[in-house]
Amino acid sequence: MLDKLKIPERHYLNNGHGLASWLLTKDHKRIAIMYLISISVMFFLGGLFAVGIRLELATPAGDFVSADAYNKFFTAHGVIMVFFFLIPSIPAVLGNFLIPPMIGAKDLAFPRINLLSLYIYWIGGIFTLYAMLSGGVDTGWTFYTPYSATGSNSNVVPVALGVFIAGFSSILTGLNFIVTIHRMRAPGMTWFRLPLFVWAHYATSLVQVLGTPVIAITIVMLGVERGLGFGIFDPARGGDPVLFQHLFWFYSHPAVYIMILPALGVQSELISTFSRKTIFGYSFVAFSSLAIAVFGFIVWAHHMFVAGISTYAAMVFSFLSFSVAIPSAVKVFNWTATLYKGAISFETPMLYAYGFMGLFAIGGLTGLFLATLGMDIHLHDTYFVVAHFHYIMVGGAIMGYMGGLHFWWPKITGRMYSEFFSRIAAILVFVGFNLTFLPQFVVGYLGMPRRYHSYPDEMQVLNVMSSAGASVLGLGYFLPVLYLLWSLKNGEVAGANPWGASGLEWQTQSPPLTENFIEAPVVDHEPYEYEHVVAKEKHLV
Amino acid sequence: MSGHVSPISLYLTIFMALMVLTGVTVFAAFVDLGQFNFLVAMIIAGFKASLVIWYFMHVKYQSKLTKLTVATGLFFLVILLGLFLVDYGSKALTGMPPLLN
Amino acid sequence: MKIFGIPVFPEQASTFAKDVDALYFFIFATSAFFAVVVAIAVIYFGIRYHKTHDGEIGARIEGSLPLELLWSVIPTIIAMVMFGWGATVFYHLRRPPAEAMHVYAVGKQWMWKFQHLEGQREINELHIPAGRPIKITISSEDVLHSLYFPAFRTKMDAIPGRYTELWFEAQTPGEYHIFCAEYCGTNHAGMIGTVTVLEPAQYQAWLQGGGLEGTLAERGAKLFNDLACSTCHLDTGQGRGPSLKDIVGKTVDLQDGSSVMVDEAYLRESILNSQAKIVKGFQPLMPTFQGLVSEENLVALIEHVKSMSPNATTATVPATGAAAATPNPAAAAAEKK
Amino acid sequence: MSNAVAHADEHAHAAHHPALQHHFDTMAQQKEAAVVGMWVFLLTEILFFGGLFAAYMVYRIWYFDAFAEASRSLSLFWGGLNTAVLIGSSLTMAMAVRCAQTNKRTATVNWLVLTMVLGTVFLGVKVIEYADKFEHHHVPGYNFQWAAHEAPAAGEHAPAALAASEGAAAAEGHRELSLNADQLQLTTQIYFSLYFTMTGLHALHMIIGIGIMLVITWMAYKGRFDEEYYTPVEMAGLYWHFVDIVWIFLFPLLYLVERHV
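Keeping their order, the protein sequence lines are chains R, G, B and Y.
So for the first sequence, the numbering used here puts the first residue at 2; every next one is plus one.
So for the second sequence, the numbering used here puts the first residue at 82; every next one is plus one.
So for the third sequence, the numbering used here puts the first residue at 318; every next one is plus one.
So for the fourth sequence, the numbering used here puts the first residue at 35; every next one is plus one.
Rendered as structure tokens:
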């Protein structure tokens, strides 16, 4: 083996020093690193509020914090996690870092817009955090009218404005990806040679570009109603509060696919790489991403089955909702089939990929309950829903993010982390997650509504289980901070392709050059051909 | 390299067409066509918008990708408005709109 | 159902509970089957095809169209079964039977107020007889709420400015939770109560115990006099306002040439916005009672008017989840042309 | 950076255009990326206004008469004038782009300035109209006041209204009867809320557009563009035309709800 691997002399991290070289950079990789730091801060901040929620719910009585504080806690948790962590997580960090090298480009199509999107994210984040910390907001992350318009006396407008601003960051990222994937591919990189990670990001970008403006205009309407006294949703003035919900979910349901689609892309990369086998049914996996993105736009009213929509509309939306289930199922089956006759090994990223399979399956299948009309009447707005969307957004999206981060960490930093501790963390996350959220399905079917500060005594045992699991989960998320930071200085040097992966990004050095490749790559073979990887390794030895 | 340069006469023709259509839409609004008033107004507006997109915005001379992008925007706008009507249209049928307070 | 004394499954206290739970178990079983199949396959492949030496790569299998079709079509069929079954249950949930007993609920930050036709008024408590379909008409005084009976497996949002409704038939006497399921502000978690299902005989006894102000309709009759409605709305039809006798369930012609079916929504609108739909042949003289009549008194008045039409079936409300009215100016305008 | 540029040189042209960014291979690729990017941005704009149109559609169905009534209070003269002004500015913008394409520097600057002037005229008319709304208490909020039988600003539709009422209303002829004063007070307020939100956001887009054009004009004046590189002018043009298209829809939706009564 090559035991004298060294960090290359020139790479994007040492191409310029000092704060200005970062803050004014146009390098997509440096921007990704700054996103990584920002969303990590947001993640632990949002996590802190989750700790508050679980502590409160450890006992049935509302005795840890006041009802008002509790409401502000879950709102802060939701707003931070959804808009400032999950939506930018994989696209803005991993997508930003990896899409150009994966398609053989030097940078994204619009590097300055990329940097602008980061600044917009920061402005939106600071705005929201300031509003959260100077009084908070108690409407829930859904901002339902008329409570948000006339009922609440908390900082609704500043927080909504922060979300509005951050939305532009998301739009610009999506716009950049779409143009980059269309126009910046290396010679020979045809659409069907793209890594599935890129396909997934293309689908994600579509949702970002098409959905986000609708939440923006919804927030504007909420803002003029609350701030200027216009009458748009207010029932006291002939307005329709249900209209707000329609507009809100037109974005916010597809927003779930902004979170999960990139994770599905990561999953495809991990499953293929760690079974050293081409993905089963490449085109089906690729197109199912697009199908999920498009179908995602026609199912939103399943959030509103008891909100006063017509029976006819409920039937239509229930029917359409099942359409999303099919491409999701197709993906899971294809990953399973990919493992067949592979050469499978269980490094940390693969542990996350296996965990993802389980959690995403449960999350997806429980979605069927909620799409089914008669069932959803009972389950709507209970902890069953809370458990379901955490399985998708935490069990799915964050597992994918963690798996991807561990997979590409050697590419990003050039060094390996501790395999031992990272495996422990992966197992802790999986076990802790299930301990936290499985009981919530049960307590949800019992009827415990969400956003409850106190609850009936007989539901305590299940809630205590959930709170206990959350502490394990928290540990599982904190551990990576330690060993990943440790690896920056002390980790083993990884080399260009430590996993024997097939993607174009592994052909270049780790960490890559600022312009990614020394020589512009030309692609002459299909994706996920491990024969080439093995041949190249042998050649090197 | 410099893209398609349209003749000035084309621009003037489009401009005149847009002005005439504006006149037509105002005129049509004063004729009682029942529910077709709205339809006529929207068809004229749609036609005017198409002229601007096709000639002023040069989509006629752009790549298929640009044309596809424009079509995508319209497609999702139709989804937005159409599925709103699935709910609000059926409420009108079954008689469920709001009670004015 | 309890395990070690911990409830893990809610009680089945209504006719719906069995329907919904059956559906639940069907989806659960189907999902579990697929989850287990995938889990076994994934774990088995992970062991069976474990990488044994450096440089080993997997077999080159690109995919299989028949398999793809198989695992697209079968889930589609199963999903359609779920949709059909769920829609059937839902349709049933949204269609209250004509003979249902009627109760009014008003959501207010942060309490549920219930009113019985017999006059009993309760806050955060509801007493109902077993074995009889109950229809609850829901409104809200401030923000969104959602009236939720987990033991009956049904809920419906309360929307300010509108009536919505739900129905159920409780079967097992006992006490069950009432929750507010739609977040409504600071004390959302305090907006809970108890529904007590009584044997019919017990229920009759309970009714005798309360009702100090008479039935809901009687209270409405008193208001009808107090608010001086009775000075214009004479039964003879000679008053300045139309006679309200035997109008419920009928269609009346309006001033503007259109017509409207008299139901709760129309009555509500006529009280709050008296000028909205003037009956043909009358002057728009009636003042609006917007802000003068509370939601509770409003339903009392409506009940009184309904009691003046003894032959009308009260279930004039189409089961769209909300009361009917057609203040649909577009349709009205279209009709006129 | 220098490495990348050197690299681009060796397999592209001997002398590349100064405006070519290092991560693109050719000017054509760069321009195509910009055009697609701009259109994707306009895609988001379509859905941004789409949300407003959805809200407008719902309330127009519900409160058609109030919308018709409130819409009649808008001045067709100012609305029509503004439509003409904006379409005219689209023409001047198209001319500006054309001159940039053909590398006519002075003409480009002149057309851009003319476009900005027309844009400002539009905004000026909007100010007149808004001021009129303030005067009549037609701005939503606590001072909102809808006088049901208030005569519309211009007398031009009075004869039309008379003629229509003869034919249509066999019953009473009172067009307003389907909504009473209280309801009009409420529901016309919804109309004006949407009116101000829609036209306000449209005006905001125009202000941004004029701001962009100021920069572009300066760049054109400084001679930054030639027939190879005039992308900023073209992008500003696309944006401006889009703003024009929004108005093409806003005009009938807001001013022409029902004029024949």
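Glycine included, C-beta positions come from ideal geometry on N, C-alpha and C.
Using 8 Å as the threshold, is the segment 215 to 231 of chain R in touch with the segment 196 to 204 of chain R, meaning 3 or more CB pairs across them? Note that the segment 215 to 231 of chain R does not touch the segment 196 to 204 of chain R; fewer than 3 beta-carbon pairs, one per stretch, sit closer than 8 Å.
Short CB-CB distance (under 7 Å) between residue 167 of chain G and chain R: As a working note, residue 167 of chain G is residue 86 in the second sequence. At a cut-off of 7 Å between C-beta atoms, residue 167 of chain G counts as an interface residue with respect to chain R.
According to DSSP, residues forming a beta bridge with residue 477 of chain B: As a position in the third sequence, residue 477 of chain B is number 160, starting the count at 1. In the DSSP assignment, the residues bridged to residue 477 of chain B are B:457.
Between B:366, B:560, B:340 and B:426, which has its C-alpha nearest residue 341 of chain R's C-alpha? Counting from one through the first sequence, the residue named residue 341 of chain R turns up at place 340. Residue nearest to residue 341 of chain R within the set B:366, B:560, B:340 and B:426 is B:366 (criterion: CA-CA distance).
Measuring alpha carbon to alpha carbon, tell me which residue in Y:104, Y:90, Y:66 and Y:135 is nearest residue 145 of chain G. Looking up residue 145 of chain G in the second sequence gives position 64. Out of Y:104, Y:90, Y:66 and Y:135, Y:66 has the C-alpha closest to the C-alpha of residue 145 of chain G.
Inspect the CB distances between the segment 429 to 436 of chain B and the segment 385 to 399 of chain R and report whether three or more fall short of 8 Å. The segment 429 to 436 of chain B makes no contact with the segment 385 to 399 of chain R; the number of CB pairs closer than 8 Å stays below 3.
Between R:164, R:516 and R:415, which has its C-alpha nearest residue 490 of chain R's C-alpha? Within the first sequence, the letter at position 489 stands for residue 490 of chain R. The shortest C-alpha to C-alpha distance from residue 490 of chain R to any of R:164, R:516 and R:415 is the one to R:415.
Just by C-beta distance, which residues in the segment 151 to 164 of chain G are closer than 7 Å to chain R? Shown in chain order are the members of the segment 151 to 164 of chain G whose Cβ falls below 7 Å from a Cβ of chain R: 157, 160, 161 and 164.
The beta strand (DSSP E) enclosing residue 494 of chain B, as first and last residue numbers: Working through the third sequence from its first residue, we reach residue 494 of chain B at position 177. Per DSSP, the unbroken beta strand (DSSP E) holding residue 494 of chain B starts and ends at 491 to 497.
Looking at C-alpha atoms only, which residue of R:197, R:281, R:236 and R:23 is the closest neighbour of residue 376 of chain B? Position 59 of the third sequence, counting from 1, holds the residue named residue 376 of chain B. Comparing Cα positions, the closest option is R:281.
Contained alpha helix (DSSP H) runs [length at least 4] in the segment 101 to 151 of chain G, N- to C-terminal order: As far as the segment 101 to 151 of chain G is concerned, its whole alpha helix (DSSP H) runs of at least 4 residues are 117 to 132.
Host beta strand (DSSP E) of residue 432 of chain B (start-end): One-based indexing of the third sequence puts residue 432 of chain B at position 115. Start and end: 428 to 433.
Is it true that the CB of residue 311 of chain R sits closer than 7 Å to the CB of residue 171 of chain G? Counted from its first residue, the second sequence places residue 171 of chain G at position 90. Counted from its first residue, the first sequence places residue 311 of chain R at position 310. Yes, these two residues count as a Cβ contact at 7 Å.
Using a Cβ-Cβ cut-off of 6 Å (strictly less than) and excluding sequence neighbours within five positions of residue 541 of chain B, which residues of its own chain qualify? Taking the third sequence and counting its residues from 1, the one referred to as residue 541 of chain B is at position 224. Setting aside the 5 residues that flank it on each side, residue 541 of chain B is surrounded in the same chain by 547 and 621, each with a C-beta closer than 6 Å to its C-beta; the list follows chain order.
Under 8 Å, with one C-beta from each stretch per pair, do the segment 62 to 74 of chain R and the segment 94 to 109 of chain R reach the 3-pair mark? In the pairwise beta carbon analysis, the segment 62 to 74 of chain R is classified as not touching the segment 94 to 109 of chain R: fewer than three pairs are separated by under 8 Å.
Mind checking whether residue 296 of chain Y and residue 97 of chain Y have CB atoms under 7 Å apart? Because chain Y in this structure spans residues 35 to 295, residue 296 of chain Y falls outside the shown range and cannot be described.
Residue range of the unbroken beta strand (DSSP E) whose run includes residue 444 of chain B: Here residue 444 of chain B corresponds to residue number 127 of the third sequence, with the count starting at 1. Per DSSP, the continuous beta strand (DSSP E) segment holding residue 444 of chain B begins and ends at 442 to 446.
Would the beta-carbon of residue 402 of chain R fall within 7 Å of that of residue 492 of chain R? Looking up residue 402 of chain R in the first sequence gives position 401. Looking up residue 492 of chain R in the first sequence gives position 491. Not a contact, by the Cβ cut-off of 7 Å.
Output yes or no for whether 7 Å exceeds the beta carbon distance between residue 83 of chain R and residue 167 of chain G. Locating residue 83 of chain R in the first sequence gives position 82, counting from the first residue. Locating residue 167 of chain G in the second sequence gives position 86, counting from the first residue. With contacts defined as CB atoms closer than 7 Å, residue 83 of chain R and residue 167 of chain G fail to qualify as a contacting pair.
Along chain G, in chain order, which residues have C-beta atoms closer than 7 Å to that of residue 73 of chain Y? Counted from its first residue, the fourth sequence places residue 73 of chain Y at position 39. Within chain G, the residues near residue 73 of chain Y are 147, 150 and 151.
Only counting the same chain, and skipping five residues up and downstream in sequence, which positions put a Cβ closer than 6 Å to that of residue 130 of chain R? By one-based count along the first sequence, residue 130 of chain R stands at place 129. Cβ neighbours of residue 130 of chain R beyond the five flanking positions: none.
Among the candidates R:527, R:323, R:54 and R:123, whose CA atom is the shortest distance from the CA of residue 468 of chain R? Taking the first residue of the first sequence as position 1, residue 468 of chain R is located at position 467. For residue 468 of chain R, the closest of R:527, R:323, R:54 and R:123 by C-alpha to C-alpha distance is R:54.
Three-way DSSP call (helix, strand, coil) for residue 216 of chain Y in this model: On the fourth sequence, position 182 is the one that residue 216 of chain Y refers to. Correct three-state label for residue 216 of chain Y: helix.
Check whether the segment 468 to 476 of chain B touches the segment 38 to 48 of chain R, taking contact to mean three or more Cβ pairs, one atom from each stretch, closer than 8 Å. In this structure the segment 468 to 476 of chain B does not lie against the segment 38 to 48 of chain R, because fewer than three pairs of beta carbons, one per stretch, are closer than 8 Å.
Interface residues of chain R around residue 431 of chain B at Cβ under 9 Å? Within the third sequence, the letter at position 114 stands for residue 431 of chain B. The premise fails here: residue 431 of chain B is roughly 19 Å from chain R at the closest Cβ pair, so nothing lies under 9 Å.
With a cut-off of 8 Å, do at least 3 Cβ pairs link the segment 183 to 193 of chain R to the segment 121 to 141 of chain R? Judged by pairs of C-beta atoms under 8 Å, the segment 183 to 193 of chain R does not touch the segment 121 to 141 of chain R, as fewer than three such pairs exist.
Could you round the C-beta distance between residue 245 of chain Y and residue 248 of chain R to whole angstroms and report it? I think they count as a contact, below 8 Å. Working through the fourth sequence from its first residue, we reach residue 245 of chain Y at position 211. Working through the first sequence from its first residue, we reach residue 248 of chain R at position 247. Distance from residue 245 of chain Y to residue 248 of chain R at the Cβ level is roughly 29 Å; contact not present, criterion being Cβ atoms closer than 8 Å.
What in chain R is Cβ-close to residue 243 of chain Y, meaning under 8 Å? Within the fourth sequence, numbered from 1, the residue matching residue 243 of chain Y stands at position 209. Per Cβ cutoff of 8 Å: no residues; residue 243 of chain Y is ~17 Å from chain R at best.
Residue 388 of chain B burial status per 10 Å Cβ neighbour count (16 or more: buried): Counted from its first residue, the third sequence places residue 388 of chain B at position 71. Counting Cβ neighbours within 10 Å, residue 388 of chain B comes out buried, since at least 16 surround it.
Taking the beta strand (DSSP E) that residue 513 of chain B belongs to, which residues open and close that run? What you label residue 513 of chain B is simply residue 196 of the third sequence in a count that begins at 1. From DSSP, the beta strand (DSSP E) with residue 513 of chain B extends over 510 to 515.
Could you tell me if residue 150 of chain Y is buried or exposed, where buried requires 16 or more neighbouring beta carbons within 10 angstroms of its beta carbon? Against the fourth sequence, residue 150 of chain Y aligns to sequence position 116. Its Cβ being crowded by 16 or more others within 10 Å, residue 150 of chain Y is buried.
What do you reckon, are the CB atoms on residue 451 of chain R and residue 387 of chain R nearer than 7 Å? Here residue 451 of chain R refers to the residue found at position 450 of the first sequence. Here residue 387 of chain R refers to the residue found at position 386 of the first sequence. Yes. Within cutoff.
CA-CA distance, residue 81 of chain R and residue 498 of chain B? Within the first sequence, the letter at position 80 stands for residue 81 of chain R. Within the third sequence, the letter at position 181 stands for residue 498 of chain B. Cα to Cα, the separation comes out at about 23 Å.
So is residue 128 of chain Y in contact with chain G if we call contact Cβ pairs under 7 Å? Within the fourth sequence, numbered from 1, the residue matching residue 128 of chain Y stands at position 94. Residue 128 of chain Y counts as touching chain G.
So, for residue 429 of chain R: in the same chain, excluding its five sequence neighbours on each side, which residues have a beta-carbon less than 8 Å away from its beta-carbon? Translated into the one-based positions of the first sequence, residue 429 of chain R becomes position 428. Within the same chain, residue 429 of chain R has close Cβ partners 473, 474, 476, 477 and 480.
Could you give the DSSP three-state label for residue 424 of chain B: helix, strand or coil? As a working mapping, residue 424 of chain B is identified with position 107 in the third sequence. DSSP places residue 424 of chain B in strand when its eight states are reduced to three.
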